[in-house]
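Colleague:
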Amino acid sequence: MFIRSLFLGALAGAVLGIGAASAQQKETLLESQESLYNNIYVYQRSPYVIMTFGHNKQLYTESVFDTGDDRVLPVPYTQFMTAALMYAGKVNSILEIGSGGGRIAWYLHRSLPNARVTSIELDPAVLALSRKYFGIRDEQNFDLEARDGRVFLSQSKDKYDIILIDAYRGPFVPFHLMTREFYQIVKDHLAEGGVVAQNVDPNTMLFDSAVKTIGAVLPQIEFYKTSDGSDDNIVTVAYDGAERKADDLATVASERDKAYDLRYSLASMLAERKRVDINNTQAIDANAKVLTDDFAPVDALKSIEQHNRKMP
Numbered sequence: 006m007f008i009r010s011l012f013l014g015a016l017a018g019a020v021l022g023i024g025a026a027s028a029q030q031k032e033t034l035l036e037s038q039e040s041l042y043n044n045i046y047v048y049q050r051s052p053y054v055i056m057t058f059g060h061n062k063q064l065y066t067e068s069v070f071d072t073g074d075d076r077v078l079p080v081p082y083t084q085f086m087t088a089a090l091m092y093a094g095k096v097n098s099i100l101e102i103g104s105g106g107g108r109i110a111w112y113l114h115r116s117l118p119n120a121r122v123t124s125i126e127l128d129p130a131v132l133a134l135s136r137k138y139f140g141i142r143d144e145q146n147f148d149l150e151a152r153d154g155r156v157f158l159s160q161s162k163d164k165y166d167i168i169l170i171d172a173y174r175g176p177f178v179p180f181h182l183m184t185r186e187f188y189q190i191v192k193d194h195l196a197e198g199g200v201v202a203q204n205v206d207p208n209t210m211l212f213d214s215a216v217k218t219i220g221a222v223l224p225q226i227e228f229y230k231t232s233d234g235s236d237d238n239i240v241t242v243a244y245d246g247a248e249r250k251a252d253d254l255a256t257v258a259s260e261r262d263k264a265y266d267l268r269y270s271l272a273s274m275l276a277e278r279k280r281v282d283i284n285n286t287q288a289i290d291a292n293a294k295v296l297t298d299d300f301a302p303v304d305a306l307k308s309i310e311q312h313n314r315k316m317p
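By the count of my numbering, the sequence shown reaches residue 317 at its end, each step adding exactly one.
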């Protein structure tokens with residue numbers, strides 16, 4: 006499809022530029038763990054510390070930490086996840102589902118210390134390693150919790166101005182975090198004027214269905230193309246209500262760039278904005294299906310733990 010060809014890329018490819026540029030540098034394995042959910046490897050390739058997950062004899066990069074500056078986001082798509090800051094009516098509360106090494110959440114915490122940032126990570130071993138190697142620590146207004154993101158939301162009464170979804174585990178996202186029912190739960194936890202930003206892998210047969218599913222709940226969808234020179238990724242920004250016009254976004258972007266002294270300029274990101282019409286069959290496959298739960302909600306919650314576990 007048109008959109009897929011425009012934005013073809015893969016999550017793992019987002020850090021290939023770092024690997025290529027550092028090919029001559031020494032790489033050291035700092036630690037490896039086999040947890041219930043992941044085969045985790047942490048490497049040092051100065052000045053970076055890199056967390057990878059092993060799957061089917063391949064390594065997929067999950068997080069990259071610049072040890073010299075904890076406000077650097079070396080992976081391009083992580084920078085564009087912060088585009089949500091120019092869409093939200095307020096920026097008092099932020100939820101991230103899929104912490105990994107915690108770089109996006111920590112950047113937002115350091116940039117907006119008065120905002121409450123909550124980061125949810127399925128794997129306790131990943132959280133432990135993020136604290137040990139990735140500069141993550143407990144601070145006021147910064148909370149880490151080892152939970153499944155859908156279960157967390159289902160049991161929470163809190164609402165958030167921004168919800169970030171970055172729950173890739175190697176090459177895939179757990180299916181229960183891709184359905185219409187899941188996005189309805191997400192929508193129910195958005196504050197007025199709230200927005201959802203998500204990294205969506207376009208290099209998959211489910212791409213059109215994933216976009217269509219988001220749009221079934223949050224009809225305003227915009228894409229941000231991210232590139233590191235080797236591959237492209239997509240960050241989707243989705244919300245309910247009226248379209249945020251370009252001029253209004255530009256005003257908010259300029260104000261928040263200055264107010265928070267953001268390392269990655271929202272005004273510059275705005276140039277990559279692309280509106281998406283999910284009813285346009287030249288953009289989204291007309292045969293793409295909206296993804297739904299294939300079992301009752303009660304059964305879903307009981308089944309999530311089993312579905313989260315590592316594939317053989």
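Note that beta-carbon positions come from the ideal geometry of N, C-alpha and C, so glycine has one too. As the structure is a computational prediction, the values presented were derived from the model and not from experiment.
Give me the Cβ distance between Arg155 and His181, rounded to the nearest whole Å; I'm assuming they're in contact under 8 Å.
Modeller: Confirmed, about 6 Å.
Colleague: Measuring alpha carbon to alpha carbon, tell me which residue in Asp163, Ser135, Ala130 and Leu113 is nearest Phe147.
Modeller: Ranking the options by Cα distance to Phe147, first place goes to Leu113.
Colleague: Please classify Ser68 as buried or exposed, where buried requires at least 16 neighbouring CB atoms within 10 angstroms.
Modeller: Result: buried.
Colleague: Express the C-alpha separation of Phe70 and Val5 in angstroms, rounding to a whole number.
Modeller: Any answer about residue 5 is impossible in this case: the structure gives the chain only from 6 up to 317.
Colleague: Just grab the DSSP bridge partners of Asp71 for me.
Modeller: Bridge partners of Asp71: Tyr53.
Colleague: Considering only the alpha carbon of each residue, which of Asp298, Glu39, Asp74 and Glu36 lies closest to Ala189?
Modeller: Here the sequence assigns Gln to residue 189, which means Ala is not the residue at that position. The candidate whose alpha carbon is nearest that of Gln189 is Asp298.
Colleague: Mind checking Arg261: buried by the 16 CB within 10 Å criterion, or exposed?
Modeller: Buried.
Colleague: Short of 6 Å in beta carbon distance, which residues of its chain neighbour Asp245, apart from the five on each side in sequence? Order them along the chain.
Modeller: So the list reads Leu223, once near-sequence residues are dropped.
Colleague: Is it the case that the Cβ atoms of Ile283 and Gly220 are separated by a distance below 7 Å?
Modeller: Result yes, Cβ atoms of Ile283 and Gly220 sit closer than 7 Å.
Colleague: Whole angstroms are fine: how far does the CA of Gly106 sit from the CA of Arg142?
Modeller: Between Arg142 and Gly106, the C-alpha separation is close to 11 Å.
Colleague: Helix, strand or coil for Ala123? Go by DSSP, reduced to three states.
Modeller: Inspection of the sequence shows that residue 123 is occupied by Thr rather than by Ala. In the structure shown, Thr123 sits in a strand (DSSP, three-state: E or B).
Colleague: If we call anything under 7 Å between Cβ atoms a contact, is Leu195 one with Met86?
Modeller: No, Cβ-Cβ distance for Leu195 and Met86 is not below 7 Å.
Colleague: For the candidate residues Thr72, Ser40, Tyr42 and Leu41, whose alpha-carbon lies nearest to that of Tyr48?
Modeller: The option with the nearest alpha carbon to Tyr48 is Thr72.
Colleague: Span of the alpha helix (DSSP H) holding Asp128?
Modeller: Unbroken run through Asp128: none, as it is neither H nor E.
Colleague: Let me know if Met183 comes out buried or exposed under the rule of 16 or more other beta-carbons within 10 Å of its beta-carbon.
Modeller: By the 10 Å Cβ count, Met183 comes out buried.
Colleague: Is the closest heavy atom of the ligand GTP to the C-beta of Ser40 under 6 Å?
Modeller: This structure lacks the ligand GTP, and indeed carries no ligand of any kind.
Colleague: Going by Cα to Cα distance, which pick from Thr83, Thr66, Ile289 and Ile45 is closest to Val240?
Modeller: Among Thr83, Thr66, Ile289 and Ile45, the Cα nearest to that of Val240 belongs to Thr83.
Colleague: Val281 to Ser270, Cα distance in whole Å?
Modeller: C-alpha separation (whole angstroms): 23 Å.
Colleague: Spatial neighbours of Ser27 within its chain, please: C-beta separation below 7 Å, excluding the five flanking residues on both sides.
Modeller: Any reading at Ser27 is ruled out, since the residue's pLDDT is 45, under 50, leaving its predicted position unreliable.
Colleague: Taking buried to mean at least 16 other C-beta atoms within 10 Å of its own C-beta, is Leu100 buried or exposed?
Modeller: Result: buried.
Colleague: Could you check where the alpha helix (DSSP H) with Glu260 kicks off and where it finishes?
Modeller: Start and end: Ala251 to Tyr265.
Colleague: For Val295 and Val216, I'd like the C-alpha separation in whole angstroms.
Modeller: C-alpha separation (whole angstroms): 9 Å.
Colleague: Going by Cα to Cα distance, which pick from Ile45, Met274 and Phe228 is closest to Leu132?
Modeller: Nearest option by C-alpha distance: Ile45.
Colleague: Cα-Cα, which of Met274, Arg249, Pro79 and Ile226 is closest to Pro52?
Modeller: Among Met274, Arg249, Pro79 and Ile226, the Cα nearest to that of Pro52 belongs to Pro79.
Colleague: Exposed or buried, what is Met210 when buried is set at 16 or more other beta-carbons lying within 10 Å of its beta-carbon?
Modeller: Exposed, because fewer than 16 other Cβ atoms sit within 10 Å of the Cβ of Met210.
Colleague: Out of curiosity, what's the CA-to-CA distance linking Gln38 and Ser135?
Modeller: Whole-angstrom Cα-Cα distance: 13 Å.
Colleague: Quick check on Ala88: buried or exposed, where buried means 16 or more other Cβ atoms within 10 Å of its Cβ?
Modeller: Per the 10 Å Cβ criterion, buried.
Colleague: What first and last residue would you give for the alpha helix (DSSP H) that runs through Asp193?
Modeller: Where Asp193 is concerned, the enclosing alpha helix (DSSP H) stretches over Arg185 to Asp193.
Colleague: For Ser98, tell me which candidate among Glu197, Ala172, Gly59 and Val54 has the shortest Cα-Cα distance.
Modeller: Of the candidates Glu197, Ala172, Gly59 and Val54, the one whose C-alpha sits nearest the C-alpha of Ser98 is Glu197.
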